[in-house]
């Protein structure tokens, strides 16, 4: 069974800092990997999707990388802002199917 | 991207009762799923809602406890039956559009 681990569980940074969130998974035979943002009372918002054949994806200040062989993905957030405060979830699909989620990293960006 | 409307957004229920959660997608999606997020935990897949047939349940979840319907490609319901305090969680529906997974805003359920 695919196990997804996210480190750190919580992170607090001052505004303007660049930061990296880590995700690891145990089964490297993945279909794709997706990063989500979860805000209280607002469900999940998809941020980036990386296919198994890709190494990275970028959207604005966000960059996600994927290293299947080592079972790792990172989410890089540049020039963090207070509005980035949320829980970030990493999820892995082992087929074109449902996702296995990590427990998330709770991010607080202070002004 | 698809937009998923989920309701109710929250409810407080008595032990032994049942609650039905509804999800409406604004476009046809190939697959719909139901997840549970217990306090401090990651999302756990309950089942895949199959259009016109019985849902496919994950280990640890059964149809008698979590009956699911999906009468068409844009609508699904999840019922939490005979509730106990252990059922207090956030329940989320999701749909797969192309490759990405889109989520409803969730239902915060508290069982007294």
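Residue numbers (our numbering), protein chains in the order written: chain E, 1 to 111; chain C, 1001 to 1112. Don't be surprised by glycine CBs; every beta carbon is placed ideally from N, CA and C. Remember, predicted model here, so these are calculated numbers, not experimental data.
Quick one: list the residues of chain E neighbouring residue i, beta-carbon separation under 8 Å, in chain order.
i	result
residue 1054 of chain C	Within chain E, no residue comes near residue 1054 of chain C; the closest Cβ sits about 17 Å away, beyond 8 Å.
residue 1105 of chain C	41, 42, 43
On the three-state DSSP scale, how would you describe residue i?
i	result
residue 83 of chain E	helix
residue 1087 of chain C	helix
residue 107 of chain E	strand
residue 55 of chain E	coil
residue 71 of chain E	coil
residue 1050 of chain C	coil
residue 101 of chain E	strand
residue 1027 of chain C	coil
residue 1063 of chain C	coil
residue 1003 of chain C	coil
By the criterion of Cβ-Cβ separation under 9 Å, what are the contact partners of residue i in chain E?
i	result
residue 1007 of chain C	Going along chain E, no residue has its Cβ under 9 Å from residue 1007 of chain C, so there is no contact; the nearest lies around 12 Å.
residue 1092 of chain C	43, 44
residue 1075 of chain C	None at all; the shortest Cβ gap to chain E is about 17 Å.
Name the chain C residues that come within less than 9 Å of residue i, Cβ to Cβ?
i	result
residue 34 of chain E	1099, 1100, 1101
Considering only DSSP beta bridges, list what residue i is partnered with.
i	result
residue 77 of chain E	E:19, E:62
residue 37 of chain E	E:45, E:88
residue 1111 of chain C	C:1013
residue 93 of chain E	E:32
residue 50 of chain E	E:33
residue 1113 of chain C	Here chain C covers residues 1001 to 1112 and nothing more, so residue 1113 of chain C does not appear.
residue 1019 of chain C	C:1080
residue 1044 of chain C	C:1036
Using a C-beta to C-beta distance shorter than 7 Å, which residues of chain C count as neighbours of residue i?
i	result
residue 99 of chain E	1101
Excluding sequence positions up to five away, which residues of its chain have a Cβ less than 6 Å from the Cβ of residue i?
i	result
residue 1057 of chain C	1047
residue 1110 of chain C	1012, 1088
residue 106 of chain E	10, 87
residue 21 of chain E	75, 88, 105
Grab me the residues of residue i's own chain with a C-beta within less than 8 Å of its C-beta, minus the 5 sequence neighbours each way, in chain order.
i	result
residue 1075 of chain C	1022, 1023, 1024, 1025
In chain C, which residues lie with their C-beta within 8 Å of the C-beta of residue i?
i	result
residue 104 of chain E	1042
residue 49 of chain E	1099, 1100
How many whole angstroms separate the CB atoms of residue i and residue j, which I take to be in contact at a CB cut-off of 8 Å?
i	j	result
residue 1079 of chain C	residue 1066 of chain C	7 Å
residue 1037 of chain C	residue 1092 of chain C	7 Å
residue 74 of chain E	residue 65 of chain E	5 Å
residue 86 of chain E	residue 100 of chain E	In fact, because the Cβ distance is near 20 Å, the residues do not count as touching under 8 Å.
Could you name the residues of the same chain whose beta carbon sits closer than 7 Å to that of residue i, not counting the 5 residues immediately before and after it, in chain order?
i	result
residue 1051 of chain C	1070, 1072, 1073
residue 8 of chain E	105
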